[in-house]
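Counting with our numbering, you get residues -11 to 112 for the letters of the sequence shown.
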Amino acid sequence: MKRKIYLSVTDSDIDQLKTFLPTLKSDNLNSLFNLLIEKEDVDEYIRHYTYLALSDMSGFEPNDFKDNSDLKFDLGLSLYQKRALKNYFQKITNDLGSQKNITVKECEDLKKVMDCLKLIKSKL
């Protein structure tokens, strides 16, 4: 069973985790740490957080949809929900060091999951 865990950690905590995690010999935990904290693979980082945002808005698990899933027909997102994606997507771009803004209009125009990924990448 997978569980969502939300943590707020300091830089000191992250340094301690960097030392501690390799001793656990958990490839899954180590790769997740590298993805989320180290941001080693930007494309995978974007995909991970985009899917989490869409999961949050739709109620579907990230494994229940694909890049070619339609936001309205497959995920059931309304125009209002697509507008709300702006804050999620802006946080992703900000976390990756971008100063470019994502607009509500751009989010309203999104049709498929792959469009979300392209929008975020276009702002980097």
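Beta carbons are placed, not taken as given, at the ideal position from N, Cα and C, and that holds for glycine. Only a predicted model underlies this, so the values are computations on that prediction, with no experimental measurement involved.
Extent of the continuous alpha helix (DSSP H) run through residue i
| i | result |
| --- | --- |
| residue 82 | 67 to 83 |
| residue 138 | As shown, the chain starts at -11 and ends at 112. That puts residue 138 outside it, with no answer to give. |
| residue 93 | 92 to 96 |
For residue i, three-class secondary structure by DSSP
| i | result |
| --- | --- |
| residue 62 | coil |
| residue 0 | helix |
| residue 89 | coil |
| residue -5 | coil |
| residue 13 | coil |
| residue -10 | coil |
Integer-rounded CB distance, given that residue j should sit under 8 Å from residue i
| i | j | result |
| --- | --- | --- |
| residue 66 | residue 101 | The pair is not a contact, with the Cβ atoms about 16 Å apart (cut-off 8 Å). |
| residue 38 | residue 104 | 5 Å |
heavy atom of the ligand HEM below 7 Å from residue i C-beta
| i | result |
| --- | --- |
| residue 65 | Among the ligands in the structure shown, none appear at all, so the ligand HEM cannot be discussed. |
### Query
Which ranges does the alpha helix (DSSP H) cover as unbroken runs of at least 4 residues, wholly within the region 19 to 55, from first to last along the chain?
30 to 46
### Message
Three Cβ pairs or more, each shorter than 8 Å: is that satisfied between the region 79 to 91 and the region 47 to 57?
### Response
no
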